[in-house]
Amino acid sequence: MSAEQNSTQEKVRTRFAPSPTGYLHVGGARTALYNYLFAKHHGGEFILRIEDTDLERSTEESMRMQIEDLKWLGIVWDEGPDPETFADVGPYGPYRQSRRKEIYLEHAQRLIAEGKAYYDFRTDEELERLREERIAAGQSAQIGPPERIVPVEEALERIAKGEKAAIRFRVSEVRDYVLHDLVRGEVRFPSDMVGDFVCIRSNGMPVYNFCCVIDDALMKITHVFRAEEHLSNTLRQMMLYEAFGYKMPKFGHLSFILGPDRQKLSKRHGATSCHDFKMKGYLPEALNNFILLSGWSSPTGEEIISREDQIKHFTHERFNPSPAMFDTQKLDWMNSVYLRSLPHDELWRRIEPFLERAGLDLPMAKDPAWRDQALTVFKVKMTTLADAEKLFLPLSDAKFGIADEAAEVFGWPEAKKVWEAWKAELEALSSERITEEEFAGIEDRVKKATGAKGKQLFMPIRVAVIGQPHGAELKILVPLLTRSSLLKRVAACLARVN
RNA sequence: GUCCCCAUCGUCUAGUGGCCUAGGACACCACCCUUUCACGGUGGAUACAGGGGUUCAAAUCCCCUUGGGGACGCCA
31 MSAEQNSTQE KVRTRFAPSP TGYLHVGGAR TALYNYLFAK HHGGEFILRI
81 EDTDLERSTE ESMRMQIEDL KWLGIVWDEG PDPETFADVG PYGPYRQSRR
131 KEIYLEHAQR LIAEGKAYYD FRTDEELERL REERIAAGQS AQIGPPERIV
181 PVEEALERIA KGEKAAIRFR VSEVRDYVLH DLVRGEVRFP SDMVGDFVCI
231 RSNGMPVYNF CCVIDDALMK ITHVFRAEEH LSNTLRQMML YEAFGYKMPK
281 FGHLSFILGP DRQKLSKRHG ATSCHDFKMK GYLPEALNNF ILLSGWSSPT
331 GEEIISREDQ IKHFTHERFN PSPAMFDTQK LDWMNSVYLR SLPHDELWRR
381 IEPFLERAGL DLPMAKDPAW RDQALTVFKV KMTTLADAEK LFLPLSDAKF
431 GIADEAAEVF GWPEAKKVWE AWKAELEALS SERITEEEFA GIEDRVKKAT
481 GAKGKQLFMP IRVAVIGQPH GAELKILVPL LTRSSLLKRV AACLARVN
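Take the first sequence: its position 492, counting from 1, is numbered 522 in our numbering, and each next residue is one higher.
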C-alpha cells in the first residue's frame, strides 16, 4: 500500500493486546514491535490494550512489568495505559478489558435478543463427556447446541433463582469462510471447524474471542498482526463480526518463534522474557533488531537497522510465514555490534549497574578519560553488558588474584628476575600514573636488565599486572592502573615464588 | 481423531517462472593483521525434504507423500 493510497483511506490503527500474566515474552515483544512499526510506517496509531479477563491469572503487577519491558524496548503507544501512571489515555478507553465488562454484556444481550446466542446450563462434566464421545466416534471435538435450547424467559428465571449459565454463540450456517490473511494469503475455513462457542462465562466474565472482536471494532483497529495460534480463532471472530455487523480489520498471522528443539519457545528453553535478556546484559536495541529479523526481512538486505529505517521499510509483504528458531549466537553477535557502536559515555552508563552488581571498586572510573581508555580496550571483548563484570575485575584491587592459568609462568626461570626488575622500575617512578610511553621504556629496561625477551618477558609482566596470562594489551592496561596498585600486585607474584 | 498452517545452508534469511553453476548474515574452518586474547581483513565448506505433473524453461505454479507446528477450553 503506497503512502498516497493510504492518505485517502482511513487512518491505520494497530494494537498490541497482551494478557498480563508475567513478564513480556520475546514472541509477544515481536508482535508488539510489528504492530508498532506497521502503524508508524503508515503514519498511523498504535494502541496498547490489556486483556485481563482471566481473573485467575492476570495481575496488576504483571501489567506493570510488561509496560516496563515495552518501554525498555523503545516501543511507544499512542493510546492505552499511561506508561507512568497507568491511567487511560485516548478516546476509546477504557483500555483494560476488566473495565469494559458492561460493554461486552450489552453486546451479548444483543446476540441473545437476535437469537444469535443462547444461555447454556450444561456443566463442565457434561461437556467433557460430550467431547470424549465425539472424539471416540472419530468426529471433531466441537461442542454443538444442547438437545433443548432454554427459552430466554425461562433461562432468566432459572438464573434469578441462582443457577449458573454461560452464553454461547450459535453457529447456524454451514459454509466456508474465507480470510485474506496479510501473511498467509487466502485461508479457507469450513464453518463446522468450530462448535457453538462461549461468549460469556457462567461467572459473568466475557471470554477472549468475544472481547477481542468488540474492542477491535470499537477502538477502530484497522490491522491486526498476531501469533499463528490465533489463526483458527479467527473463524469465530469472523462470525462475531458478521453477527454484530462490524467491519473486520485486516489480519496477519505471524509464525512462532521456536526453541533449539523446534518447539515453541518457552520457559524451559532458558531466557525467554525481555526481562531475562535485560538482566543478562543485552541491549534493548539489539534484542529489538534481532526479533525484528525473525520473521521479517528488510528489502535492503541490511541486518543492523536503525529504528528510523525499520519504520521506513516495514511492510507486510516481507513477512516470512514459516516459523523461526531463536538463535542466541546471532543475538550475541548483534549485541556486540550495538555495544561497540555506543558512545563511551552511554556505554558506561549502561555498564555501571552490572559493575555495581558485581561489587567492583573502581575509584579511577570517576575520570572520564580513564573510562574512555578502559572502554576502548574492553568493549571489543564484550558480547553482553554483564561481560564487563569479569573484564573490569582485574582493575579492581579488592578482587585481584592470580589465576590458575598463570601457574605455568611461575615455573619459568626468568620470571622472578623479570618481576624484580619490574618492581625496581616501578619504585623508581615519581608519579602514580604511567603513560604508554613510560611503560614502553620500562619494558625495554627490564628486557636489558634481565636478558628475557618475547614471551619470557611479557608473560611475567602480564601476570604481575592482571594476574592472568590473557587479556588486553599491556601498554593499554598498565596506564589504567596506579603505581601503588601495580606494586602490590608484583609483590604478590614475588611472594608466591619465594 | 478432525480441521488449519508451514517446508531454501547447522541457524536467520534473499528469491514471486529464465538474471540461480541459488545471494547475504550468524556460527564453523583456513590464512592475514597482532609480542597474548579480542577487533578487523581475505578466502573456504555447507541448502532448494521426496515423488509426480504444468511449461521451451521450476527453488519459484499444481497435486500427492513425508516431516514439523497449531487449533479443537467457561485460557489468551
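Even for Gly, the Cβ is constructed at its ideal location relative to N, Cα and C. Computed from a predicted model, the values in this text were never measured in an experiment.
For residue j and residue i, the rounded distance between their alpha carbons
i: K191; j: F356; result: 54 angstroms
i: S460; j: G501; result: 27 angstroms
i: D226; j: Y276; result: 20 angstroms
i: W107; j: G120; result: 10 angstroms
i: R140; j: L186; result: 15 angstroms
i: P509; j: T44; result: 54 angstroms
i: D375; j: F422; result: 16 angstroms
i: L390; j: S426; result: 6 angstroms
i: A166; j: I173; result: 14 angstroms
i: M31; j: T252; result: Any reading at M31 needs caution, since the residue's pLDDT is 39, under 50, leaving its predicted position unreliable; the model's value is listed next. The alpha-carbon atoms of M31 and T252 are separated by roughly 14 angstroms.
i: R256; j: V224; result: 20 angstroms
i: S515; j: A479; result: 23 angstroms
i: Y271; j: M278; result: 6 angstroms
i: I506; j: I321; result: 37 angstroms
i: E98; j: F116; result: 11 angstroms
i: A33; j: K70; result: Caution applies to A33, whose pLDDT of 42 falls short of 50 and renders its modelled position unreliable; the value that the coordinates give is listed next. Approximately 12 angstroms between the Cα atoms of the pair.
i: Q403; j: G52; result: 41 angstroms
Exposure label - residue i; buried when at least 16 CB within 10 Å
i: K453; result: buried
i: T465; result: exposed
i: T264; result: buried
i: V410; result: exposed
i: Q293; result: exposed
i: P50; result: buried
i: L85; result: exposed
i: K41; result: exposed
i: P490; result: buried
i: A418; result: buried
i: P314; result: buried
i: Q267; result: buried
i: V56; result: buried
i: P48; result: buried
i: S37; result: A caution first: S37 carries a pLDDT of 48, below 50, which makes its placement in the model unreliable, though a value can still be read off. By the 10 Å Cβ count, S37 comes out exposed.
i: V204; result: exposed
Where residue i sits in the DSSP three-state scheme
i: H71; result: helix
i: F320; result: helix
i: L517; result: helix
i: T345; result: coil
i: L524; result: helix
i: V217; result: strand
i: A418; result: helix
i: I230; result: strand
i: V119; result: strand
i: F240; result: helix
i: T61; result: helix
i: M355; result: strand
i: V410; result: helix
i: S461; result: coil
i: V448; result: helix
i: I77; result: strand
i: V508; result: helix
i: P50; result: coil
i: P124; result: coil
i: R87; result: coil
i: R298; result: helix
i: R45; result: strand
i: V56; result: helix
i: V224; result: coil
Expected contact under 8 angstroms - CB spacing of residue i and residue j to nearest Å
i: I77; j: M249; result: 6 angstroms
i: C523; j: A482; result: Their Cβ separation, rounded to whole angstroms, is 14 angstroms, which puts C523 and A482 out of contact at 8 angstroms.
i: L212; j: F219; result: Actually they are not in contact, since the Cβ atoms of L212 and F219 sit about 16 angstroms apart, beyond 8 angstroms.
i: R198; j: D150; result: 5 angstroms
i: L456; j: L511; result: Not quite, the Cβ-Cβ distance comes to about 10 angstroms (not below 8 angstroms), so this is no contact.
i: R380; j: L415; result: 6 angstroms
i: C304; j: L67; result: So it is not a contact: roughly 17 angstroms between Cβ atoms.
i: I432; j: G497; result: 5 angstroms
i: R200; j: A147; result: 6 angstroms
i: F349; j: L284; result: 7 angstroms
Runs of beta strand (DSSP E) lying entirely within the segment 259–293, each at least 3 residues, in chain order: Correct list: 280–284.
Start-end ranges of the beta strand (DSSP E) lying completely within the segment 138–211, minimum 3 residues: 147–150, 196–199, 206–211
Complete runs of the alpha helix (DSSP H) confined to the segment 368–406 [at least 4 residues]: Complete alpha helix (DSSP H) runs here, min 4: 374–388.
4 or more residues per run - each alpha helix (DSSP H) lying fully within the segment 471–502: 485–496
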